[in-house]
Amino acid sequence: IASGIRVPQAVGDFLILRAVRESGGFAIAVSDEAIEAGVAEVTREEGLLLSPEGAATWAAYRQALAEGRVSPGDRVILFNCATGLKYPLPAAEKRLDRHAPIEYDRFA
């Protein structure tokens, strides 16, 4: 589902691999299901609509945390280089009633 990271012969693939090796970093694979869950989680919790490629970085981070490859206190940078608006949106579970009164007290 993250077509932007399926590049058979990336122009800079050797640069990426060199950076991973020289930094002592690692590469990690995540499932389509983990990517979809990442899009949903970040949208729900942070209000950001990640692209699937960006959500792959979130899913990889969560997996690396679970495996102990990174710690919660580590400084980690995740890149989301696109927008989720380029992809079909999931069906809305609920719709807003535009005629319902607004409960402004909920925002205080």
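Under this note's numbering, the first residue of the sequence shown is numbered 96, with each subsequent residue one higher. Built from N, CA and C at the ideal position, the CB exists for glycine as well.
Given residue i as reference, the closest of the options once Cα atoms are compared
i	options	result
A161	G142, L173, I123 and H194	I123
A154	A135, G107, A114 and R116	A135
G119	V125, L184 and I111	I111
G99	K181, E188 and D192	K181
Check whether residue i and residue j have beta carbons under 9 Å apart
i	j	result
E133	L145	The residue asked about is misnamed: residue 133 is Gly in this sequence, not Glu. Yes.
A159	I130	no
Nearest-angstrom Cβ-Cβ length linking residue i and residue j, presumed shorter than 8 Å
i	j	result
A199	L173	At residue 199 the sequence reads Tyr, which differs from the Ala that was named. Contact doesn't hold; Cβ gap of about 35 Å is too wide.
F121	R190	About 43 Å; that fails the 8 Å criterion.
Heavy atom of the ligand HEM within 8 Å of residue i beta-carbon
i	result
L160	Annotation note on the ligand HEM: not contained in the displayed structure, which lists no ligands.
Contact with chain D by residue i, beta-carbon distance below 9 Å
i	result
N175	Of the chains in the structure shown, none is chain D; there is only one protein chain.
- [ ] Report yes or no: do the region 170-180 and the region 138-151 share at least 3 C-beta pairs separated by less than 8 Å?
- [x] Yes, the region 170-180 is in contact with the region 138-151.
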